[in-house]
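One structure below.
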Amino acid sequence: MGTVKQSFAVKNMMCAMCVAHVRKAIEGIDGVKDVNVNLASNSALIEYDSGKTDPQKIKEAVVAAGYDMDTTPLSGAADGEDEKKKSKGFLAKLLGR
Ligand SMILES: [Cu+2]
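The sequence shown begins at 18 in the numbering used here and counts up one residue at a time.
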C-alpha cells in the first residue's frame with residue numbers, strides 16, 4: 018500500500034474538452050492525488066493511493082465519463098521527467114516494438 022504513479026492508455030479522446038472530462042473523472046476518485054492527461058499520447062499519468070483505489074476503479078470512472086482506459090500501466094516508472102518528454106518516450110517505445 019502506498020502512493021503509485023503510473024501512466025495508462027486512455028482511448029476515445031479527441032480534443033481538449035475530452036482531456037478535461039477525463040481529468041475531472043479521475044480527479045474525483047477517492048485516493049487519486051494527481052492526474053495529468055495527455056491528448057498527444059492518449060495517456061493519463063495518475064498518482065494514486067493503492068490502498069484506496071486501483072486501475073480498475075479508475076477505468077470505471079473513465080468509462081462512466083464516456084471514454085475508455087487500459088488497466089495495464091504503460092509504464093510504472095515514477096520519475097520526475099517532464100510530461101512532454103515522457104510522452105515522446107512512450108511513443109518511441111511503442112514504435113520500437
Ligand atoms: Cu473532445
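C-beta: ideal position from N, C-alpha, C; glycine also.
Since this is a predicted model, take the numbers as computed values, not measurements.
Shortest gap from the CB of alanine 82 to any heavy atom of ligand 1: 8 Å or more. Taking C-alpha positions only, glycine 45 is separated from aspartate 66 by approximately 13 Å.
If only uninterrupted alpha helix (DSSP H) runs of at least 4 residues are considered, those enclosed by the region 18 to 71 are 33 to 44. Within 10 angstroms of the beta-carbon of threonine 70 lie 16 or more other beta-carbons, which makes it buried. With contacts defined as CB atoms closer than 9 Å, valine 36 and valine 54 qualify as a contacting pair. In terms of Cβ geometry, alanine 33 and aspartate 87 do not form a close pair [threshold 9 Å]. Here the C-alpha atom of serine 60 lies approximately 11 Å from the C-alpha atom of aspartate 85.
With fewer than 16 neighbouring CB atoms inside 10 Å of its own CB, methionine 31 falls in the exposed class. The beta carbon of glycine 83 lies closer than 8 Å to those of Asn29 and His38 in the same chain, with the five residues before and after it left out.
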